[in-house]
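One structure is given here, and the rest of the page talks about it.
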């Protein structure tokens with residue numbers, strides 16, 4: 010490995026460690042999702058992006074940057090039963106919205122949601138290395154997202170119990 014590649018790998022590892030520290034310190038889901046989206050958009054110089062999470066039995070758009078409200082209103086209902094990559098309404102939305110990179114956010118036992126990123130500022134396609142780095146960011150994020158959702162559920166149950174007393 011040459012020196013420039015060593016430097017790139019070192020920068021990427023440092024960025025991942027810092028990203029992990031930031032997202033795992035918070036239990037605020039919006040803070041986590043905004044950090045994930047901004048980090049991914051910044052790393053890949055993406056012009057826009059969105060994050061969708063599985064909530065209350067369906068997929069819901071939770072965070073977006075650089076996408077107009079008119080486009081967001083067209084976000085389709087997505088079935089939990091089928092394979093995401095084969096959902097025709099989702100594929101149509103991604104194409105119309107010019108969202109090029111699509112990756113699932115997976116925990117150890119389930120799909121939590123997915124991220125979509127728009128074209129890069131330099132107009133280059135997403136490489137296999139880009140997609141691997143994106144998957145790494147999302148693996149780190151999945152833990153923070155799951156922890157946040159669990160804490161919110163505990164708070165909701167506690168409020169419900171408090172109201173009964």
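Residue numbers (the working numbering): 10 to 174. Using N, Cα and C, we set each Cβ at its ideal position, and we do this for glycine too.
- Item | Segment limits, alpha helix (DSSP H) that includes residue 55 | Run containing residue 55: none; DSSP gives neither H nor E here.
*Which residues mark the beginning and the end of the alpha helix (DSSP H) in which residue 126 is found?*
No alpha helix (DSSP H) holds residue 126; the beta strand (DSSP E) holding it covers 120–127.
- Query: Would a C-beta distance cut-off of 7 Å place residue 98 and residue 85 closer than the cut-off?
  - Reply: yes
Report task. Starting from the Cα of residue 92, find the closest Cα among 162, 157, 68 and 165 and give me that residue. Result -> 68
Original post:
Expressed to the nearest angstrom, what Euclidean distance is found between the alpha-carbon atoms of residue 109 and residue 103?
Top reply: Approximately 7 Å, taken between the alpha carbons.
Q: For the beta strand (DSSP E) holding residue 109, just list the boundary residues, first then last.
A: From DSSP, the beta strand (DSSP E) with residue 109 extends over 108–115.
For residue 48 and residue 74, I'd like the C-alpha separation in whole angstroms.
Between residue 48 and residue 74, the C-alpha separation is close to 12 Å.
Next on the checklist: Once DSSP output is grouped into helix, strand and coil, what is the label at residue 13?
Outcome noted: helix
Let's test the definition: count the other Cβ atoms within 10 Å of the Cβ of residue 17 and tell me whether it reaches 16, buried, or not, exposed.
Classification for residue 17: exposed.
#### Entry: Three-state secondary structure (DSSP) of residue 69
If DSSP states are grouped into helix, strand and coil, residue 69 belongs with the strands.
_Shorter than 6 Å, the distance from the beta carbon of residue 117 to the closest heavy atom of the ligand ADP, or not?_
This structure simply doesn't include the ligand ADP, nor any ligand for that matter.
Q | Spatial neighbours of residue 123 in its chain, beta-carbon cut-off 7 Å, leaving aside the 5 residues before and after | A | Cβ within range, chain order: 61, 93, 111, 112, 113 and 114.
> Quick one, are the C-beta atoms of residue 77 and residue 42 less than 7 Å apart?
Replying inline: For residue 77 and residue 42, no; Cβs fall outside 7 Å.
By the DSSP assignment, the alpha helix (DSSP H) with residue 167 in it spans what residues?
137–173
Look at the alpha carbon of residue 146 and the alpha carbon of residue 28, and state the distance between them as a whole number of angstroms.
8 Å
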